[in-house]
Amino acid sequence: MHDVILFYTKSDSYVWNEVYQAYDDEYVEMFFEQKDPDGRRWKRGDLTGPGTRTGDSGKIWRGINVTAKGRHWALASDLYKKYRNATGDDLAKYPLLQRLDKLDDIGLIHWPKKRGGTPRYKSYLEDMPGIPLQDVWTDIRPIHNLAVERVGYPTQKPETLLERIIRASSSDGDLVMDCFCGSGTTAAVTEKLNRRWIACDLGRFAVHTTRKRLLSIPNVRPFVVQNLGKYERQLWAGAEFGEGNGRKAAERQRAYIEFILKLANATPLRGYTWLHGVKAGRMVHVGAVDAPVSVGDVTQIAAEFKRTIGTGKDAPKTNAVDVLGWDFAFELNEVAKQQAAAANIQMRFLRIPRDVMDKRAVEQGDIHFFELAALSVDVKTSKRNVSLKLKDFVIPPDDVPEEARKAVKHWSQWIDYWAVDWDNKSDTFHNEWQTYRTRKDRSLELEIAHAYPEAGEYTIVVKVIDILGNDTTKSVKVRVA
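In structure tokens, the structure reads:
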């Protein structure tokens, strides 16, 4: 009937911030029954402590002798802070009885109507943090079906729960890590609380959901999405080409590459690091099992291609390369194509299908390599104004169930959301504008305009996220006058 939250530390040095629960209405009505003319609620606090003393704390103040009642004057520590906030002055530098005068001067002391009654100080509700949090939390409600934060993820937790945990166990600017981020509640709350974060998940849908949720936060800071490979493939490669077959590392790698080349109907090549085969006049590169093909890989492929073209028997005779990969860096496709085109290389990116791990599919020859999604963007400039319009978006059909393909009547239906960085400096993508579908509004803007404050040349990066959570990124250069 309940969940248990465990708190671990690696050492005796850790962060623990006291967390308070707000007072309930019944408590407020009972204890903060007094009100100022402006409506502020307060309760009466004691200006004395038990026992009698000599010195100022035992003196008579304004005709009141508290020592006769076995007490002495004593000020709560928060009164010093309240006085400083109200006046900018330090209450502690004054003698004790003068401190009482100072507090009375700014209206923090309540005098009872009954003559001779002991004065008390005003403890305002707005200054009280609440009740120190205990270890049974009954004030956090489940996420309602119509809640704004609800994203439809089956294990989604309420933001109020994570806010309480993060506030208690971290400070402003600290780093919070969630190894199983799911719907992204931890990352979203951490971002709102001005902490740094790392969020991980094996599921692409979880990463997609988390990223979209983060982008909906006003003024979200730039962040990077990285794909670190698939463990299923590592297990498969280890069993198929691993040490159990008596091969050394280089031999295992070569066996894997030639296996993929054979399925792609390509002829293996020797003597190259980044160029592994040739097919129909096009050179072929086979991506690693446990890492996505990155923009850096494309740079190395292009560099080796340019060094070796036209030299030797197996050297490339055309300027075309096919890059086969299990996964591709989220920002690779269009950006890398543009880099390759700048080097006068026609480069295609094809996904190695999961079917290569299925022996039956391999034996039946039922293996197909499909190109990644392609994005077409129309750009128009007028003085310092630029307009962007998405013209077309093609998604690889092997990733999409047949019933979904039949339901799509227009290419824009493949797009879940898209975003623009208007002045990219070859660094992290800055999400300066975005449009996305919601449960209530399934429409999507396909055109956006922007005005630059100064003339000059700018690099615009357009990022499209499809309904499967894949990134397709394209950069264009514009000059405005």
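Using our numbering, the first residue of the sequence shown is number 3, and each one after it goes up by one.
Heads up, the beta-carbon is just placed ideally off N, CA and C, and yes, glycines get one too.
Since this is a predicted model, take the numbers as computed values, not measurements.
Need the endpoints of the alpha helix (DSSP H) that residue i sits in, please.
i	result
Ile262	251–265
Ala278	Residue identity check: residue 278 is His in the sequence provided, not Ala. Run containing His278: none; DSSP gives neither H nor E here.
Phe9	That residue, Phe9, is in no alpha helix (DSSP H); it is neither H nor E in DSSP.
Ser171	161–171
Tyr25	Looking at the DSSP string, Tyr25 is not in any alpha helix (DSSP H), and its letter there is neither H nor E.
Gln302	297–310
Lys476	Not the alpha helix (DSSP H): Lys476 falls in the beta strand (DSSP E), residues 473–482.
Arg407	404–409
Can you name the start and end residues of the beta strand (DSSP E) that residue i belongs to?
i	result
Phe395	387–396
Lys382	376–384
Ala322	322–327
Val364	Run containing Val364: none in the beta strand (DSSP E); it sits in the alpha helix (DSSP H), 361–366.
Phe351	348–353
Compute the beta-carbon to beta-carbon distance between residue i and residue j, rounded to the nearest angstrom, for a pair I have assumed lies under 8 Å.
i	j	result
Arg350	Glu373	6 Å
Asn433	Leu217	6 Å
Val325	Val295	6 Å
Thr461	Ser477	6 Å
Lys393	Val410	Actually they are not in contact, since the Cβ atoms of Lys393 and Val410 sit about 17 Å apart, beyond 8 Å.
Val480	Arg386	That belief does not hold up - the Cβ atoms of Val480 and Arg386 are roughly 10 Å apart, past 8 Å.
Trp199	Ala189	5 Å
Gln341	Val300	6 Å
Tyr274	Thr310	7 Å
Take the Cβ of residue i as the centre, count every other Cβ of all protein chains shown within 10 Å, and call the residue buried at 16 or more, exposed below.
i	result
Met285	buried
Gly471	buried
Tyr419	buried
Val17	exposed
Thr212	buried
Gly65	exposed
His210	buried
Trp113	exposed
Pro224	exposed
Ala94	exposed
Phe9	exposed
Cys183	buried
Pro398	buried
Tyr85	buried
Thr187	buried
Tyr22	exposed
Ala344	exposed
His287	buried
Asp443	exposed
Who pairs with residue i in a beta bridge, going by DSSP?
i	result
Ala421	Gln436, Lys465
Glu449	Lys391
Ser125	Lys45
Pro270	Gly279
Phe330	Val295
Met285	Val280, Val323
Ile133	Gln23
Gly458	Val482
Phe372	Arg353
His112	Arg122
Please confirm whether any heavy atom of the ligand MN lies closer than 6 Å to the CB of residue i.
i	result
Arg122	The ligand MN is absent from the structure shown, which contains no ligands of any kind.
TODO: Run through the segment 27–110 for me and flag every whole alpha helix (DSSP H) of 4 or more residues, listed as ranges in chain order.
DONE: When DSSP assignments are scanned along the segment 27–110, the uninterrupted stretches of alpha helix (DSSP H) that are 4 or more residues long and fall wholly within it turn out to be 27–33, 79–89, 98–107.
TODO: Could you tell me which uninterrupted beta strand (DSSP E) segments, each at least 3 residues in length, are contained entirely in the segment 173–253, listed from first to last along the chain?
DONE: Counting whole runs of 3 or more residues, the segment 173–253 contains the beta strand (DSSP E) stretches 177–180, 198–201.
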